[in-house]
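*Asks:* Residue numbers (this note's numbering): 63 to 186.
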C-alpha cells in the first residue's frame, strides 16, 4: 500500500470513528441535535427513585426527560424538559409512575380539559 493510500485509509477510519462516536452520544442521551426544548418545574412531596434522565410522557408519548431534582422546603422540585411546541394545559395531572420491574420511574402527564396553556418555565 502506498503512503498516500494508507493516509487516505487512516483518514477515512478516523472520520468514521468520530461519526460513530457522535451518533452513540446522541443515541445514549436520547436527544436529536437541533431539537429545541422548553423547561418546566413540578413539585412533589417525594420522588422515590426518580432519576435525572428519566422520561417524561404526555398521555403515554415520550416527549421529554428529567433534568434536575432538588430538595426544596418539605418537598422536592423536579426540573424537566419537554419538546418545544407541546401544549400543556392548566389542569394537567402529573404523577410519578413505575415503568419497569427494576424500579424505573417516569413522570406521567395526563392532559386535562382546560384550554388555558401552561407557559414554559412555569411550576406545575
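Quick reminder that beta carbons are idealized off the backbone N, C-alpha and C, glycines included.
Buried or exposed: where does residue 153 fall if 16 or more other Cβ atoms within 10 Å of its Cβ makes it buried?
*Replies:* Residue 153 is exposed by the Cβ-count criterion.
*Asks:* Would you list the residues sitting across from residue 175 in a DSSP beta bridge?
*Replies:* Residue 175 pairs with nothing; no bridge assigned.
*Asks:* Do residue 171 and residue 118 have their CB atoms nearer than 9 Å?
*Replies:* Yes, the pair counts as a contact, with Cβ atoms nearer than the cut-off.
*Asks:* In the DSSP assignment, find the beta strand (DSSP E) that holds residue 162 and state where it starts and stops.
*Replies:* It is not in any beta strand (DSSP E) - residue 162 carries neither H nor E in the DSSP assignment.
*Asks:* Mapping DSSP to helix, strand and coil, what is residue 157?
*Replies:* Strand at residue 157.
*Asks:* At a cut of 8 Å, does the segment 75-89 reach the segment 102-120 through at least three beta carbon pairs?
*Replies:* Cβ pair count under 8 Å is below three, so no.
*Asks:* Under DSSP, the beta strand (DSSP E) around residue 106 begins and ends at which residues?
*Replies:* Run containing residue 106: 99-106, per the beta strand (DSSP E) assignment.
*Asks:* Using DSSP's beta-bridge definition, name the partner residues of residue 117.
*Replies:* DSSP output for residue 117 lists 127 as bridge partner(s).
*Asks:* Using a C-beta cutoff of 9 Å, does residue 149 count as contacting chain D?
*Replies:* Here there is only one protein chain, and chain D is not present.
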